[in-house]
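Participant: Just so we're aligned, residue 1 is where the first sequence starts under the UniProt record's numbering, counting upward by one.
Attaching a single structure in structure tokens format; questions to follow.
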Amino acid sequence: MISKTYAPQEIEAKWYQYWLDNQFFKSTPDEREPYTIVIPPPNVTGVLHMGHMLNNTIQDVLVRKARMEGKNACWVAGTDHASIATEAKVVAMLAERGISKKDLTRDEFLAYAWEWKEKYGGIILSQLRKIGASCDWDRTRFTMEPVLYDAVIDTFVDLYEKGKIYRGVRMVNWDPQGKTAVSDEEVITKEVQQKLVYIRYAIAGQPNEFITIATVRPETIMADAAIAVNPEDERYKHLHGKKAIIPLIDREIPIITDEYVTMDFGTGCLKVTPAHDPNDYALGIKHNLPVLDILNDDGTLNEKAQILIGQDRFAARKAVIKLLEEAGNLEKAEDYKSNVGFSERTNAVIEPKLSLQWFLKMEELAKPALENVMNDTIQLYPPKFKNMYRSWMENVHDWCISRQLWWGQRIPAFYMQDGTIIVARNKHEALEKVQHEKLLFAMTEADLTQDEDVLDTWFSSWLWPMSVFLPSGDPSDPKAGPNDLDYYYPTNDLVTAPEILFFWVARMIIAGYEYKGEAPFKNVYLTGIVRDKQGRKMSKSLGNSPDPLDLIDQYGADGVRTGMLFSSPAGNDLPFDEKLVEQGRNFSNKIWNAFRLVKGWTLEDAGKEDAGTENGGEREEKADLPLKWFEAKLNATLTQIEDDFSKFRISDALQAIYKLIWDDFCSQYLELIKPAFDTATGTAQPIDRATYEATINFFERLMCLAHPFMPFITEEIWQEIRERKHGESICVAPFPQPGAIDMSILTSFETLFEVISNVRNIRNAKQISPKTALPLSIKTSQPGPFQTLESLIQKMANVSSINYVDEKSGGLSFLIKGDEFFVDIAGEIDVEQELEATRKDLEYQIGFRESTLKKLSNERFVANAKPDVVDRERQKLADAEAKIQALEQRLQDLAL
RNA sequence: GGGAGUUUAGCUCAGCUGGUUCAGAGCAUCUGCCUUACAAGCAGAGGGUCGGGGGUUCGAACCCCUCAACUCCCA
């Protein structure tokens, strides 16, 4: 006995193991067309969240469909090493053991990092199996494994040799507690209540004259290089070219003019401190101002500050205010809210700090990457992201690629004692270079020191679509063979979040053109962000994200997958609601029960040798129309789904499948062919073999169609619905292809369903039990089409008899096109109510006829509109006229 | 400050090239049903000034202008 509700827990693990055992996800190059997706590598520290769930489900849908279409489908999995996140995890692990990073050498620390990675890293990859991800797991890569590491180093050396990489000073986000630079993404800005302090600077040579500036950082006045005013500002025109004196330290600085200064903020005078503010730094360069850095790495003041040396920046802030007050230079202090950056890791206030970093020149590299997105060689879905992409690529900044961390690819730059930089793949090659190019043969490796920094993690993931296909050199290693890069590159589709369109996608495109002369992928599908009901981004810290694995336990992987995709058009955010996965689960259950129904049927000729003759032939004819209709409906839907997929309308494709299965297959088709229940025997009547076979065939095709979305339940049913050999699977069954659509049967069934629906409506409105059969009369000039549908109408609408009449008949009526239908319900008719309804309908129809007539009598419409549009208008007019005539007749009849 | 996007039913969203009885779907709501596959279900119903205003057009949810609200990106 098959369970009444679908129980995914019992099924999912079984089939996933079966797929692995039979290597359905494995891909090696062959003569078939490849279909390739590389996974956006999640952090090795990551655990599965709702965003991954959405993103990877979409990838799985695409890959599974391609696999069923006979392509050599290859979905490469892997993780990236996530320098900062991983270092944080390792530092935490060490802290638990009472070890401090300070006390370790680089090599010791890295040994712990690998230990952490082996133990806890990549949990997410095993979680992906729970959602059914059909990755070729043998190909799983990691950005720090030797081959990928070397690729990063080679790339650095190559770009350096091409003159694209340079070392320069830049303002970075400095975390004085962690003593490292952090990227913009690791800075959390919060609004903070501060004091805006107004400070008077004396004008040099004019003891009684002052200029007042407003600042939230009074402790940095000692690093001031200038005071800037807007050149248009009348208040300060007399001071142009003069000098001001920094209070407390009495240093002279120039008063400069720049349009950058906002006249109505503060006093309209801006102190310029190039070493401690990014905007000021830019101003400093523009006006050639000196850079004076008064802070140590830990946020304390250094000797260049002249006063308060050794004090922390916040203590110094208070102290400076006090000193200014005493000196009479403090005009006032007012409350002021502003945004302050905090380190995601240490929560320390970020200090803009100048430091020596490595940069990649982007302008030239970005050109082909911009051009080929704008000309659609690479297509973004949805295309609205092209605008954003362009504005970024046209204003691209040089990429700061160094990070002050240990976990990552160490920058292959070696310094000679005099500071000369040698870039080479390793120390040995660096030494060779020194010896050959500089003829310094006495030099030894000990005379070279390697740069302490590592490369930005994106500097390895930008190579991902290429590096994952690099062979390891070991022929027994299944990761990648010697020809894999040629075979799989360029990949087909990339599925990722718009947030990293610049950080990652653009850079992959750049690397692709630089190293392969070709884009890394053809299509980029950008998913939305999964949000909670209040529209907040789901995050661990807010605790507003359900655990996807819990959801899978509750609703089944198929339920969660479809639930997520029901409402996720490309690029739009997905407001998550558990109702969605509930709907997904209900869909699974619906399919399951349809399967139970079909499985429960007994064959009419069971046990007989000569199947499907005589008696069977007659029934076959009866079911003939529903079969033809569903075939047509299936073909129409398949055509539409192909179109949806071609435009990456994944959600639309799913909804089409949902409706096809639930509404068309279950509610209509199955009900039409369902054998009657025999109350005498207490069993369902048997079904003829032809109908049964056709139904099984439909079911099988529907399962194949739904498989990319719902891999588990479709496999379970596919395996049960026919006898299968071991090693067969729906994973590699052919994806249904659309055939010709029989439009005429679709049209005639539309009428059929309309009749059924109208009869049911009358029954409902009059509160008549569905068990009571009602008589139906049809007033039509063409009874033919209805006669062929009679048995279906009777079955679906519970109609006792069908008569064709010339005159009006008793009872309630409804109109379809020009034909009038009567359901005779004795004593149930409220003539007034009927008159009212009929008048209303008539009024609407007349209005409708008017608007159609207006269109058709407009010469410009007939002349300008496409012929089929005009034809449709004429058809509408004809239908309306027939209806009006029937309604008028009806009014007369009722009035009698 | 610069740029982009969004605004359609109570909620979440479709509406693709301006033209079908085009104002849709799902959820939610309401009514009636435990009808021998499914109450995680079945059969029905109600619900909208397409953000406001103006314009182009034979015809506008769709194109243009303008105003408003919200969101994101860059600074």
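The beta-carbon is built from N, C-alpha and C at its ideal position, and this holds for glycine as well.
I'd like to know if the region 402 to 414 and the region 449 to 464 are in contact, where contact means that at least 3 CB-CB pairs between them fall below 8 Å.
Facilitator: By the Cβ rule, the region 402 to 414 counts as touching the region 449 to 464, because three or more pairs are nearer than 8 Å.
Participant: Measure the alpha-carbon distance for A733 versus M68 and round it to whole angstroms.
Facilitator: 6 Å
Participant: With DSSP collapsed to three states, give me the class of Y198.
Facilitator: strand
Participant: Go through its chain and collect everything with a Cβ distance to L159's Cβ below 7 Å, but skip five positions before and after it.
Facilitator: I165 and L360
Participant: Tell me where the beta strand (DSSP E) around W358 begins and ends.
Facilitator: Taken as a continuous stretch (DSSP letters only), the beta strand (DSSP E) holding W358 covers E351 to L360.
Participant: Beta carbon of L580, beta carbon of S588: below 8 Å?
Facilitator: no
Participant: Going by alpha carbons, who is nearest to D280 out of D258, F414, L239 and V152?
Facilitator: Closest option to D280, Cα to Cα, is D258.
Participant: Kindly identify the DSSP beta-bridge partner or partners of F142.
Facilitator: DSSP lists T79 as partners of F142.
Participant: Excluding five sequence neighbours on each side, which residues of the same chain lie with their C-beta closer than 8 Å to the C-beta of K71?
Facilitator: R32, E33, P34 and Y35
Participant: Assign T683 to one of three DSSP states: helix, strand, or coil.
Facilitator: strand
Participant: In three-state terms, what does DSSP make of F821?
Facilitator: strand
Participant: Tell me N72's beta-bridge partners as DSSP assigns them.
Facilitator: P34
Participant: Return yes when the Cβ of N523 is within less than 8 Å of the Cβ of Q379, no when it is not.
Facilitator: yes
Participant: With distances taken from CA atoms, which of Y16, W15, P29 and N764 is nearest Y489?
Facilitator: P29
Participant: Which residue marks the beginning of the alpha helix (DSSP H) containing residue 918, and which one marks its end?
Facilitator: Examination of residue 918 is not possible in this model, given that the chain is present from 1 through 896 alone.
Participant: Are three or more beta carbon pairs between the region 538 to 557 and the region 9 to 20 nearer than 8 Å?
Facilitator: yes
Participant: Taking the CB atoms as reference points, tell me whether T788 and L54 lie closer together than 8 Å.
Facilitator: no
Participant: Go ahead and pull the three-state DSSP assignment for G584.
Facilitator: helix
Participant: Looking only at its own chain, which residues have a Cβ that is under 7 Å from the Cβ of P42, when we skip the five neighbours before and after it?
Facilitator: H52, T79 and I124
Participant: Please confirm whether A519 and G512 have their CB atoms less than 8 Å apart.
Facilitator: yes
Participant: Which of the three DSSP states, helix, strand or coil, is assigned to K101?
Facilitator: helix
Participant: Just tell me which of L440, N288 and I529 has its CA closest to the CA of H49.
Facilitator: I529
Participant: For the region 427 to 440 and the region 215 to 228, state whether three or more C-beta atom pairs, one from each stretch, are separated by less than 8 Å.
Facilitator: no
Participant: Would you mind reading off the limits of the beta strand (DSSP E) that contains C269?
Facilitator: C269 to V272
Participant: Strictly by DSSP, which residues pair up with C400?
Facilitator: F359
Participant: Within 10 angstroms of the Cβ of G584, are there 16 or more other Cβ atoms? Answer buried if so, exposed if not.
Facilitator: buried
Participant: Report the three-state DSSP secondary structure of K51 (helix, strand or coil).
Facilitator: Note that residue 51 is Gly in the sequence shown, not Lys. Helix, per DSSP.
Participant: Figure out for me which residue from S461, D868 and I650 has the closest Cα to the Cα of Y149.
Facilitator: S461
Participant: Suppose you measure from the CA of D871 to the CA of D742; what does that come to, to the nearest Å?
Facilitator: 21 Å
Participant: Can you say whether Y804 is buried or exposed, counting buried as having 16 or more other CB atoms within 10 angstroms of its CB?
Facilitator: exposed
Participant: So, at 8 Å on beta carbons, what are the nonlocal neighbours of A594 in its own chain, with the 5 sequence-adjacent residues on each side left out?
Facilitator: I661, F665, C666, L670 and F699
Participant: Looking only at its own chain, which residues have a Cβ that is under 6 Å from the Cβ of E578, when we skip the five neighbours before and after it?
Facilitator: none
Participant: Please go through the same chain and pick out, in chain order, the residues whose beta-carbon is closer than 7 Å to the beta-carbon of N544, but skip the five residues on each side of it.
Facilitator: Closer than 7 Å at the Cβ level, and outside the excluded window around N544, lie D532, R536 and M538.
Participant: For the candidate residues E432, N339, Q668 and Q357, whose alpha-carbon lies nearest to that of I756?
Facilitator: Q668
Participant: Where does E429 fall in DSSP's three states?
Facilitator: helix
Participant: Looking at V76: is its Cβ nearer than 8 Å to the Cβ of D136?
Facilitator: yes
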